[in-house]
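Everything on this sheet refers to the single structure shown next.
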Amino acid sequence: MVAAAAVAAAVALPRLIYPVLALEILVWGLFAVAIDLLLGFGGLLSFGHAAYWGVAGYVAGMVARDLGAPFPLAVLAGLLGAAVLAVPLGYLSLRRTGIYFTMVTLAFAQMLYYVANELRPITGGENGLQGVSRTFPGLSLGPSLSFYYAALPLVLFGYFAAYRIVHSPFGHVLVSIRDNEARAQALGYDTARYKHIAFILSAGLAGLAGSVYTLGEHFASLEMLHWTTSGQVVLMTVLGGLGTLWGGVVGAGVFLMLRDFLSTSDLFRDAPGVVTGAIFILIVLALRHGLWPTFAVLVRRGLGRFA
Amino acid sequence: MRIKLLVRRLSERVDPAMGCLHRKYLLAARRPPTVASRADDWPGRPHRLLLLAAVLGSASGEGKVHALVGPNGAGKTSLFNLLTGFLVPTSGRILLFGVDVTGLRPHQIAKRGVARSFQITSLFEELSAIEHVALALQSRTSLGFGFWRDETTLRRFHARARALLEEVGLAGVAGQPVRHLPYGQKRALELALALALEPRLLLLDEPTAGMSAEDVRRTIELIARLRAGRTVVLVEHNMGVVGQLADNVIVLQQGKVIAEGPYQTVRADPAVVAAYLGAADA
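Taken in sequence, the protein lines are chains H and A.
All residue numbers for the first sequence refer to the numbering used here, where the first residue is 308 and numbers rise by one.
All residue numbers for the second sequence refer to the numbering used here, where the first residue is 27 and numbers rise by one.
Below is the structure:
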């Protein structure tokens, strides 16, 4: 029932707001869910997930543009690229814990940012990877609305994967490591390995989101790798509520719609940060567990009217 | 300070084939910052070393209960941490069931049949009692890596988990998140978790601390029952519990064994009396 309502909402979204924004909410939501998988369920704050979002974007963009692959293959390539990258980076970052882990993830992501900036012949440097088109035999995916519906199954698969991971035997172990790592070790769990797997899975989901985002935007920008991207997705996750899994989607929705609204308003167009900052402070102060618990109550009430 | 192997009188009696923790190996470890109880332990001075004689087990080996007693800072919990891989000795070796396990990580030692309970109740606050036990049972399988599986696969552990909770007297609160449980019940859950691992060596750090008299009685009965087929080592301050359960009492002070033997003998030992009450020359 809830899942069906969520899918219906995802299908209806581009009719309510314009499709480009709808796709942005969809993929940033998945990106935030990937963060919550790691932070809310594993207790690991990565401040370098821009690396996986961005690298996946570049990989998917190149596969689509230079190889002319149909878009699902490009997305798959981006996802795998991010996951493979997370193997060494996750291993090295996870040798540290707490704030040190966070700083190492940030450092790796910034390294990639500068590498991408220097590798102009391949990445386009500051101009980004331009001219990315999305194709699929028999479909015309030029219009944003068509691509939204074409990409929707892939993104929904990402959401489902996150749900499955959290509600699996693996997810239970992950939560136990978050709550008490020493205890989990004493029970015989190789906690380092579990955290590493969680990191790779999270990076893969971020990669899936980043790939679709790139194809949706027609180009991979250098900004995708910048630390502000990592910060933005963590902000969305926290706004939505940690450990709620779906909170990030609400956080992404509020964040992006607010930004969209402010960019078109005459009053705040020049200083949107003042408004967004104030609103986020209010949300964090008033709703300590994020937007999701409140949102869930409202939705349940709404669904109850139909039932 | 150089570590020397302190050969205790018991070491001559060791049977190398016995199936439990060897006693002849002395463990030496730098006292880690987390257990430094006095400022002079850490850091600055040439690091203090614990000399611990692990006198756990005998030729017949199984079914014995050893009690580790000693004043605060004697090294009881440090010994547990060494045995379970949470601390790595700076010198010396740790033999477990006749195999060198020095430097193995905690989960590897747990897999070899060592379970421990923690001195400070150490649980997963968000999980329910039965989920705790299921998690412990699950650790002996490779199911935990199955991130694509449905969590309902964990139900296969529930029957066994319920039986274990029954055994420690927690059947009535199986579904409750542990953060709502009173302290004594959390201690009992620690015991159930250790049991779920079906260990050959069971290390219990103050299993009856904070329990009501009735819970203590039940815990004593339980430990007496589950000693069969395994070696139990408990750290205990309650001398009533020690007297009732322990076949062998080991008294530690400042990281050294100062007395060892049956309860009645040890309690009369002048060195023990001095350690607890303070000797005139101490």
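Note that the Cβ used here is the ideal one computed from N, Cα and C, for glycine as well.
In the DSSP assignment, the residues bridged to lysine 282 (chain A) are A:Gln279.
In this structure, serine 165 (chain A) places its C-beta atom within 9 Å of the C-beta atom of alanine 136 (chain A). Taken through DSSP and simplified to helix, strand or coil, arginine 119 (chain A) comes out as coil. Arginine 138 (chain A) sits close to leucine 130 (chain A), with the two beta carbons spaced by under 9 Å. Any Cβ of chain H closer than 9 Å to the Cβ of glycine 89 (chain A) would place that residue at the interface, and such an atom is absent.
Taking 9 Å as the cut-off, the beta carbon of lysine 102 (chain A) is found no closer than this to the beta carbon of valine 91 (chain A). Secondary structure note for histidine 158 (chain A): its alpha helix (DSSP H) is the uninterrupted segment 155-164.
Glycine 523 (chain H) and glycine 438 (chain H) have their C-alpha atoms spaced approximately 11 Å apart. At a cut-off of 9 Å between beta-carbon atoms, leucine 227 (chain A) makes no contact with chain H. Along the region 135-151 of chain A, the positions whose C-beta sits under 8 Å from a C-beta of chain H are Ala136, Lys137, Ala141, Arg142, Phe144, Ser148, Leu149, Phe150 and Glu151, read in chain order.
For the 9 Å CB-CB criterion, phenylalanine 173 (chain A) and isoleucine 472 (chain H) form a contact.
Judged by DSSP secondary structure, arginine 595 (chain H) falls outside any alpha helix (DSSP H); it is assigned neither H nor E. Contact annotation: tyrosine 365 (chain H) and threonine 430 (chain H) have beta-carbon atoms nearer than 9 Å.
By the rule that beta-carbons nearer than 9 Å mark a contact, phenylalanine 123 (chain A) does not touch chain H.
For aspartate 231 (chain A), the enclosing beta strand (DSSP E) covers residues 227-231. Put simply, the backbone Cα of arginine 441 (chain H) is about 19 Å away from that of tryptophan 335 (chain H). Listed along chain A, no residue sits closer than 7 Å to histidine 533 (chain H) by beta-carbon distance, the nearest being about 30 Å off. Contact check for leucine 191 (chain A) against leucine 215 (chain A) passes: the beta carbons are separated by less than 9 Å. The C-beta distance from leucine 122 (chain A) to valine 140 (chain A) rounds to 7 Å, short enough to fall under 8 Å. One Cα belongs to alanine 499 (chain H), the other to leucine 401 (chain H), and the distance between them is close to 8 Å. Straight-line spacing of the CA atoms in glycine 287 (chain A) and aspartate 295 (chain A) works out to 10 Å.
The residues Gly195, in chain order, have a CB closer than 6 Å to that of arginine 244 (chain A) in the same chain once the five nearest residues on each side in sequence are set aside.
Among the CB atoms of chain H, one or more fall inside 9 Å of the CB of glutamine 164 (chain A). Residue H:Ala357 holds the alpha-carbon nearest to the alpha-carbon of leucine 413 (chain H) among H:Thr551, H:Ala357 and H:Gly597.
Rounded to the nearest whole angstrom, the C-alpha separation of tryptophan 599 (chain H) and glycine 560 (chain H) is 12 Å. Secondary structure note for arginine 566 (chain H): its alpha helix (DSSP H) is the uninterrupted segment 554-571. Aspartate 577 (chain H) sits in coil when the DSSP states are folded into three classes, being neither helix nor strand. Glycine 397 (chain H) counts as buried, since no fewer than 16 other beta carbons sit within 10 angstroms of its beta carbon. In this structure the region 387-396 of chain H does not lie against the region 450-458 of chain H, because fewer than three pairs of beta carbons, one per stretch, are closer than 8 Å. Residue-level contact check: tyrosine 398 (chain H) does not touch chain A, since none of the beta carbons of chain A fall below 9 Å from its beta carbon. For leucine 413 (chain H), no beta strand (DSSP E) encloses it; the enclosing alpha helix (DSSP H) starts and ends at 405-425. Between alanine 489 (chain H) and phenylalanine 144 (chain A), the C-beta gap is smaller than 9 Å, which places the two residues in contact. In this chain, the alpha helix (DSSP H) harbouring threonine 245 (chain A) covers 239-252. Using a CB distance below 9 Å, the part of the region 491-508 of chain H facing chain A consists of Ala491, Gln492, Ala493, Leu494, Gly495, Tyr496, Asp497, Thr498, Ala499, Arg500, Tyr501, Ile504, Ala505 and Leu508, ordered along the chain.
According to the DSSP assignment, leucine 260 (chain A) belongs to the beta strand (DSSP E) that extends over 257-261. Between the alpha carbons of threonine 257 (chain A) and arginine 226 (chain A) lies a distance of about 6 Å.
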